[in-house]
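Peer 1: Counting from 749, one number per residue, gives the positions in the sequence shown under my numbering. Backbone N, C-alpha and C fix where the C-beta goes; we use that ideal spot for every residue, glycine too. Please find one structure pasted underneath; my questions will follow.
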Amino acid sequence: DADRHLWGGELLARRHGLALRSAEYHVVIGDGGGPMDAHADHGSLVTFDFMLSDTAEFEGGAFQTVELGGEVTTHSFERGDALVFQSHKQHGVAALTGRSSRRNI
């Protein structure tokens, strides 16, 4: 039911052809560094984000998603956490507010 509801049956139909589309390693350094505007990961079904940094090492840089009504939700994202969501969901990262660095995959 979830496959039909969320992906229109696409996930099960392509289950033998699913593969990693891309992997990215992001390092954001410095005051005001690296806001990543809201975007979707087109061409993928599911996005995985892994936090590699301790949140005590940086200020700002919150992971955010844009909800159906346009409101922005900030998510708790600590070292070792994984966020998994449908790739067409708009998401981004707020700017750093202090001298620091943030790393995630």
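Any C-beta of chain E sitting closer than 8 angstroms to the C-beta of VAL814?
Peer 2: Going by chain labels, chain E is absent from the structure shown, which holds only one protein chain.
Peer 1: On the DSSP letters alone, give me the boundaries of the alpha helix (DSSP H) that ARG752 sits inside.
Peer 2: Unbroken alpha helix (DSSP H) run through ARG752: 750-755.
Peer 1: Quick one: give me the first and last residue of the beta strand (DSSP E) that HIS839 is part of.
Peer 2: Unbroken beta strand (DSSP E) run through HIS839: 839-841.
Peer 1: Out of LEU816, GLY757, ALA810, point me to the one whose CA is closest to LYS837's CA.
Peer 2: It is LEU816 whose Cα lies nearest to the Cα of LYS837.
Peer 1: Tell me where the beta strand (DSSP E) around PHE811 begins and ends.
Peer 2: Unbroken beta strand (DSSP E) run through PHE811: 811-814.
Peer 1: Please determine if the segment 824-833 and the segment 769-780 are in contact, where contact requires at least 3 C-beta pairs separated by less than 8 angstroms.
Peer 2: Not touching, per the Cβ criterion.
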